[in-house]
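Here is the structure we will look at.
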Amino acid sequence: NLKGKRVVLVDDSIVRGNTSGPLVKMLRDAGAKEVHVRVACPPIKFPCFMGVDMASQDELISANKSVDEICEHIGADSLAFLTISGMMRALKAESGYCNACFTGDYPFSTPIPLIELQEKEKFANVWGD
């Protein structure tokens, strides 16, 4: 029973913003008085060109909205993301991990036309799948 309770929802990431909102609503419908969302990675602001299904910045909620705007969009009382430095401390590493989807600093030279691709159909065959 969540009636009158303050709930913390922990999510691994918020990519498009279409999962957290329904979860927050479900918790409120179950009686939660407050729903606070904590995300175990930094905001994903840039597309991944190495096989992760997020080819366009237009799809990424953090690329287009502030944390406060995302919080309002998903209907939470508060929202916080792990920082990049916090993530690196948790991994106990200063380097060796790609964080381009958080920083836009890709570990390879990306041709400008590739970065400018915004339509998944145009990008789908680049990696040969």
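Each residue of the sequence shown is one higher than the one before, counting from 133 in our numbering. Idealized CB from N, CA, C, for every residue including glycine. Note that this is a predicted model, so its numbers are computed, not measured.
Mind reading off the beta-carbon distance from residue 207 to residue 157? Whole number of angstroms is fine, and I expect it under 8 Å. 6 Å
According to DSSP, simplified to helix, strand and coil, what is residue 160? helix
I'd like the span of the beta strand (DSSP E) that includes residue 170, first residue to last. 166 to 171
On the three-state DSSP scale, how would you describe residue 234? helix
Report yes or no: do three or more beta-carbon pairs, one from the segment 134 to 145 and one from the segment 177 to 186, lie closer than 8 Å? no
Count the other CB atoms within 10 Å of the CB of residue 223; is the residue buried (16 or more) or exposed (fewer)? exposed
Roughly how many angstroms separate the alpha carbons of residue 230 and residue 176, rounded to a whole number? 12 Å
Extent of the continuous beta strand (DSSP E) to which residue 143 belongs: 138 to 143
Is residue 234 buried or exposed, if buried means 16 or more other CB atoms sit within 10 Å of its CB? buried
Residue environment, residue 135, which counts as buried when at least 16 other CB atoms sit within 10 Å: exposed
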